[in-house]
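Each residue of the sequence shown is one higher than the one before, counting from 0 in numbering that gives the first Met the number 0.
Each residue gets a CB set at the ideal place from its N, CA and C atoms; glycine is no exception.
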Amino acid sequence: MHSAENEHEHQESGHQLLVVVLACLFVLSITIPLAWHRHQQMPAADQSGQTAKGVWSPAADTHSAAAGLSQPDLANGGSPAVGSAPPAAEEGLAPPTAPLQPDLAKPASPYADLITTDGQLIRSGGDPGREPLGAEPAASGPGPYEFDPVLDPPPSLPSVATWPVPERLLWRLSLLDAQPETRGWSAQVRQQLDRLVASEYLRAEAAGEALANLSEAIPAAEKLVLHIPSDETRSQLNSAAYDLQRRLHVWQAAHQLATGLPPKRNLVVVPVIEVARRGHLPGPATAMVNLSGLLAQLEQYEHTRLPSDGRQIADAIGVLQSSAQKDHRTIGDRLDQHYRNANFRVAVSGNLINRLMPGPERNCQSVNEQIMGMPVWGDSSTFTRVRVRLVPDPHNIRLGVEAWGRVNAQTTTASGPVHVHSDSQSDFVVRKLLLLDEEGLKAKRTFVEAHSASDLVGIDSDFDRIPIVRGIVRNIAEREHHAIHDDALRVTETKVATSARARFDAQVVPRIQNAASSFYQELWEPLVKLGLEPTTIARQTTQLRAVTRLRVGNELQLTAHTARPRAPANSWASMQIHETVLNNGLQQLELDGKTMTLEELYRHIAGRLDRPVKQIPDTMPANVHVTFAAEDAVRVRCEDGQATLTLALATVRKGKNSWHNLLIRGNYIPAVDGLHAGLVRRGPILLVGHRLRTRDQVALRGVFSKLLSKSHQLKLVPDDLAEDQRLADMAVTQANIKDGWIGVAMGPAREGLAARAPASRQ
């Protein structure tokens with residue numbers, strides 16, 4: 000019986016994709032780039048981007064005006080509520096021609112808030128920072144923003160804004176305006192957004208009415224999408240509906256919280272709430288949270304998706320969730336739900352698991368044992384088939400490992416001078432339940448059933464040469480055989496069951512333990528050591544698939560907030576990984592503001608990942624020093640069918656030459672060939688900097704083209720899985736990058752995907 004090998008192969012195949020992809024993404028994020036954040040501003044001059052520490056931050060120009068928060072750029076999402084896959088993102092699309100603008104003719108904020116020179120959403124107790132009530136209103140922000148494919152600083156919000164302009168959502172609506180089926184829905188949503196943003200305060204009655212009307216747009220979209228023939232238009236509607244729904248959950252909680260504040264003028268203009276934290280929690284006893292600034296910061300993050308912008312929101316979530324007041328916790332929980340959602344999902348079907356099991360096997364062996372005190376000998380043949388059955392469970396991974404077998408035996412039983420020849424058949428089934436729950440992986444007790452039958456095929460005795468005695472002896476032997484037949488079968492069944500259980504446990508249990516240990520050591524432990532605090536958000540087992548959703552990111556980091564792409568319905572395995580997994584991991588490499596050689600960089604990353612360095616690659620450029628930007632020095636962005644890595648470098652020195660304030664980008668697209676899939680670099684390295692001459696470009700490309708070599712490919716499907724002959728009729732059926740997600744799926748081969756995927760811009 001080879002159920003152990005089967006279980007081992009299943010365990011390896013089940014998490015192999017997960018282990019390889021995540022490990023490679025973190026280890027190779029520098030040397031083999033994955034994704035990019037393509038919307039980032041470069042400083043106009045070297046000195047303009049210097050921070051207080053003297054190290055350039057790519058976000059410095061975005062925030063340096065201190066007069067407002069950036070508007071959102073192209074946030075992503077398809078709507079699970081509406082029930083279709085999210086649409087592909089579009090590159091270089093401008094916002095609506097007449098963006099919503101709040102009324103600036105309002106008194107200036109009497110409290111210092113997020114949109115001030117210190118950029119603080121939260122203050123620990125004390126005076127939140129008062130300003131004269133008669134202060135002049137702040138100057139308005141810039142006009143409609145034109146997105147640039149290379150440099151795109153986000154537009155600004157005026158500092159008095161209470162309801163921020165959701166420009167990302169408005170951009171989504173602008174796409175729907177062009178379609179006759181969705182134009183009416185888009186116009187109604189835009190009208191209510193106009194009304195919301197025009198409201199005087201967060202607590203304004205008109206704001207509450209607008210929010211109520213916007214809530215009705217969600218079920219309206221669910222009905223409308225059923226009557227739209229175009230896949231692209233359905234996806235656009237789903238994305239807009241999900242973007243709206245995500246905001247509504249937060250906006251409604253903020254409006255309710257602001258409505259409950261004391262009716263004081265200073266709290267009406269810019270609501271600053273005092274959060275009294277529960278006594279048993281560490282940290283300051285109270286903190287001041289600016290609701291208006293928090294909503295604006297959300298739109299800032301929707302635009303940039305930068306970890307540094309997300310950190311302020313994560314801080315606010317922690318403070319609000321720790322509050323002793325229920326309505327504070329409500330808005331904190333909603334923020335956590337929508338902006339710290341699962342950012343990694345893997346699903347494996349029962350078909351794939353069983354396909355990777357070894358085929359039926361037959362083993363032959365001799366028999367030499369005692370049954371009911373009588374010696375039995377002969378030959379037996381055991382046929383065994385192992386399969387895994389998915390046991391539906393809405394909250395856990397529940398797998399039933401079963402070994403079905405049949406033992407055919409031709410034996411001889413000796414009883415004194417008589418030898419009885421029999422043919423027997425024993426059927427057995429061994430079952431073990433594997434349960435993965437919040438306490439870990441558990442192997443339940445092994446159960447076995449056996450049923451035996453035998454036929455008498457002949458009798459020999461020492462009296463066969465004596466004609467009369469021969470018949471008498473045979474008759475006596477037959478009567479005795481039938482008399483003990485049932486008892487003998489029960490003994491045989493017990494022996495078969497005991498033997499099957501022992502072999503099953505001896506082979507399967509160690510394999511389960513080894514697989515669990517390998518999963519922990521290769522995936523879970525490295526994430527924990529990086530401080531990413533992996534958390535299981537959901538587990539589920541259906542009749543078809545086992546699904547796990549993880550959140551990879553600590554309490555100071557945001558995770559997924561956009562709707563993940565859906566895998567094809569016939570997928571045998573699928574994986575979706577959000578760019579926040581990569582960005583959170585890159586943040587934990589602690590590269591911001593560091594100066595080092597490329598060799599030191601290689602060793603630093605290996606050390607952070609607890610990977611021994613045997614040899615520095617020969618392709619690693621020598622005599623090159625880099626100083627990373629103070630914030631978001633290495634980041635990824637997954638958008639529009641490609642993944643790009645951006646390195647933000649304050650300084651690059653090679654010999655006597657030096658360059659300052661650079662962005663280095665490499666674009667990667669999926670390449671598919673049957674069951675092989677990976678990310679390959681497309682086009683040259685993109686260098687963005689101030690007054691880079693031709694010789695500067697040549698020198699820098701010589702360095703970074705080696706670092707981000709085209710010869711490197713990040714494999715999304717492990718080679719041993721892709722080359723397994725048992726999967727010869729399978730292929731990668733999805734390999735796309737959009738709305739912050741990398742989606743990969745495999746299933747029955749269909750013609751054309753391998754040819755289309757490398758050039759697709761989804």
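Check your understanding: For Gly-76, does the three-state DSSP call read helix, strand or coil?
Key -> Counted from its first residue, the sequence shown places residue 76 at position 77. Residue placement at Gly-76 is flagged as unreliable, the pLDDT there being 33, under the threshold of 50; the coordinate-derived value follows with that caveat. Coil, per DSSP.
**Study point:** Inter-stretch contact (C-beta, 8 Å, three-pair minimum) for the stretch 382 to 392 and the stretch 347 to 359
**Key:** yes
Point to revise | Residues that DSSP places opposite Ile-767 in a beta bridge | key: Any question about residue 767 goes unanswered here, given that the chain covers just 0 to 761.
Review point. How would you write the range of the alpha helix (DSSP H) that Glu-231 sits in, first residue to last?
Key: The residue labelled residue 231 in the question sits at position 232 within the sequence shown. Run containing Glu-231: 230 to 258, per the alpha helix (DSSP H) assignment.
Check your understanding: What is the C-beta distance between Val-196 and Val-164, in whole angstroms, given that I count them as a contact (C-beta under 8 Å)?
Key -> Residue mapping note: residue 196 aligns to position 197 of the sequence shown, counting from 1. Residue mapping note: residue 164 aligns to position 165 of the sequence shown, counting from 1. So it is a contact: roughly 6 Å between Cβ atoms.
Point to revise | Span separating the alpha-carbon of Val-697 from that of Ala-568 | key: Counting from one through the sequence shown, the residue named residue 697 turns up at place 698. Counting from one through the sequence shown, the residue named residue 568 turns up at place 569. Each residue's Cα considered, the two are about 48 Å apart.
Exercise for review: Compare the C-beta of Ile-576 against all C-beta atoms of chain D and say whether one is closer than 8 Å.
Suggested key: Among the chains in the structure shown there is no chain D, since it carries only a single protein chain.
Point to revise | Residue burial classification, Arg-464 (beta-carbon count within 10 angstroms, cutoff 16) | key: Indexing the sequence shown from 1 puts residue 464 at position 465. That one is exposed.
Practice item. With a cut-off of 8 Å on the beta carbons, I'd call Arg-774 and Ile-458 a contact; round off their distance for me. Key: Because the chain here runs from 0 to 761, residue 774 falls outside it and cannot be looked at.
**Study point:** Every unbroken alpha helix (DSSP H) inside the stretch 148 to 229 [4 residues or more]
**Key:** 166 to 176, 182 to 196 and 204 to 223
**Study point:** DSSP three-state assignment for Ser-83, whether helix, strand or coil
**Key:** If you number the sequence shown from 1, residue 83 lands on position 84. Low local confidence applies: a pLDDT of 34 at Ser-83 is under 50, so the model's placement there is unreliable, with the coordinate-based value given in what follows. Here Ser-83 sits in coil by DSSP.
Practice item. Just the C-alpha distance for His-302 and Asn-582, rounded to the nearest angstrom, thanks. Key: Your numbering for residue 302 matches position 303 in the sequence shown. Your numbering for residue 582 matches position 583 in the sequence shown. Cα to Cα, His-302 sits roughly 16 Å from Asn-582.
**Study point:** Cα-Cα separation between Thr-381 and Asn-513, rounded to whole angstroms
**Key:** Residue mapping note: residue 381 aligns to position 382 of the sequence shown, counting from 1. Residue mapping note: residue 513 aligns to position 514 of the sequence shown, counting from 1. Thr-381 and Asn-513: Cα-Cα distance of roughly 27 Å.
Exercise for review: Select from Arg-692, Leu-398, Val-490 and Ile-663 the residue whose C-alpha is nearest the C-alpha of Leu-440.
Suggested key: Locating residue 440 in the sequence shown gives position 441, counting from the first residue. Taking only the C-alpha atoms, the option nearest Leu-440 is Leu-398.
Point to revise | Those runs of the beta strand (DSSP E) which lie wholly inside the stretch 699 to 746 and span at least 3 residues | key: 729 to 737
Practice item. Compare the Cα-Cα distances from Ser-379 to each of Ala-408, Gly-372, Gly-358 and His-394 and report the closest residue. Key: Within the sequence shown, the letter at position 380 stands for residue 379. Of the candidates Ala-408, Gly-372, Gly-358 and His-394, the one whose C-alpha sits nearest the C-alpha of Ser-379 is Ala-408.
Exercise for review: Using only alpha-carbon positions, find the residue among Ala-629, Tyr-667, Ser-198 and Arg-430 that is nearest to Ala-676.
Suggested key: Counting from 1 along the sequence shown, the entry for residue 676 is found at position 677. Taking only the C-alpha atoms, the option nearest Ala-676 is Tyr-667.
Practice item. In angstroms with no decimal places, state the Cα-to-Cα distance between Leu-172 and Arg-304. Key: Taking the first residue of the sequence shown as 1, we reach residue 172 at position 173. Taking the first residue of the sequence shown as 1, we reach residue 304 at position 305. In a straight line, the C-alpha of Leu-172 is about 20 Å away from that of Arg-304.
Exercise for review: Below 6 Å CB to CB, which residues in the same chain sit around Ser-573 once its five sequence neighbours on both sides are set aside?
Suggested key: Residue mapping note: residue 573 aligns to position 574 of the sequence shown, counting from 1. So the list reads Ala-346, Ala-566 and Ala-744, once near-sequence residues are dropped.
Point to revise | Outcome for Asn-367 when other beta-carbon atoms lying within 10 angstroms are tallied against a minimum of 16 | key: Position 368 of the sequence shown holds residue 367. Answer is exposed; the Cβ neighbour count stays below 16.
Review point. Excluding sequence positions up to five away, which residues of its chain have a Cβ less than 6 Å from the Cβ of Arg-664?
Key: As a working note, residue 664 is residue 665 in the sequence shown. Excluding sequence neighbours, Arg-664 sits near Trp-35, Thr-643, Thr-645 and Leu-685.
Review point. Mind pulling the beta strand (DSSP E) runs of 3 or more residues that sit fully within the stretch 321 to 376?
Key: 343 to 348 and 360 to 370
Practice item. Please confirm if the stretch 211 to 226 is in contact with the stretch 532 to 542, defined as three or more CB-CB distances below 8 Å between the two stretches. Key: no
Check your understanding: Is Leu-739 near Glu-578, with beta carbons less than 8 Å apart?
Key -> Stepping through the sequence shown from its first residue, residue 739 is reached at position 740. Stepping through the sequence shown from its first residue, residue 578 is reached at position 579. According to the sequence as given, residue 739 is Gly; it is not Leu. Yes, they are a contact pair.
Exercise for review: State the DSSP-derived secondary structure class of Ala-629, mapped to helix, strand or coil.
Suggested key: Taking the sequence shown and counting its residues from 1, one reaches residue 629 at position 630. Looking at Ala-629 - three-state DSSP - the assignment turns out to be coil, as it is neither helix nor strand.
Practice item. Might you give, ordered along the chain, the residues of its own chain that have their beta carbon closer than 8 Å to the beta carbon of Lys-443, omitting 5 neighbours on each side? Key: Here residue 443 is taken as the residue at index 444 of the sequence shown, counted from 1. Answer for Lys-443: Lys-431, Leu-432, Leu-433 and Leu-434, listed in chain order.
**Study point:** Those runs of the alpha helix (DSSP H) which lie wholly inside the stretch 475 to 548 and span at least 4 residues
**Key:** 524 to 528
Check your understanding: Leu-294 lies in the alpha helix (DSSP H); which residues open and close that run?
Key -> Here residue 294 corresponds to residue number 295 of the sequence shown, with the count starting at 1. Here the alpha helix (DSSP H) through Leu-294 covers 290 to 303.
Point to revise | CA-to-CA distance, Trp-170 to Asp-176, given in whole angstroms | key: In the sequence shown, residue 176 corresponds to position 177, counting from 1. In the sequence shown, residue 170 corresponds to position 171, counting from 1. Using only the alpha carbons, I get a separation of about 10 Å.
Check your understanding: For Met-41, is the classification buried or exposed, using 16 other Cβ atoms within 10 angstroms of its Cβ as the cut-off for buried?
Key -> Indexing the sequence shown from 1 puts residue 41 at position 42. Low confidence applies to Met-41: its pLDDT is 32, below 50, so where it sits in the model is not reliable, and the reading given next is rough at best. Under this definition Met-41 is a buried residue.
Check your understanding: Of the residues Gly-377, Arg-405, Thr-596 and Gln-324, which one's Cα is nearest the Cα of Arg-384?
Key -> The count along the sequence shown starts at 1 and reaches residue 384 at position 385. Per the Cα distances, Arg-405.
Check your understanding: Do Leu-256 and Leu-290 have their C-beta atoms closer together than 8 Å?
Key -> In the sequence shown, residue 256 corresponds to position 257, counting from 1. In the sequence shown, residue 290 corresponds to position 291, counting from 1. The answer is yes: Cβ separation under 8 Å.
Review point. Using the beta-carbon count (16 or more within 10 Å), is Gly-606 buried or exposed?
Key: Locating residue 606 in the sequence shown gives position 607, counting from the first residue. Classification of Gly-606: exposed, given that the 10 Å Cβ count is below 16.
Check your understanding: Going by the beta-carbon positions, is the gap between Leu-597 and Leu-678 smaller than 8 Å?
Key -> Within the sequence shown, the letter at position 598 stands for residue 597. Within the sequence shown, the letter at position 679 stands for residue 678. No, these two residues do not count as a Cβ contact at 8 Å.
Review point. Which term fits Met-356, buried or exposed, when burial requires 16 or more other beta carbons within 10 angstroms of its beta carbon?
Key: Within the sequence shown, the letter at position 357 stands for residue 356. Answer is buried; the Cβ neighbour count reaches 16.
Review point. First and last residue of the alpha helix (DSSP H) that includes Gln-575?
Key: Here residue 575 refers to the residue found at position 576 of the sequence shown. That residue, Gln-575, is in no alpha helix (DSSP H); its beta strand (DSSP E) goes 572 to 577.
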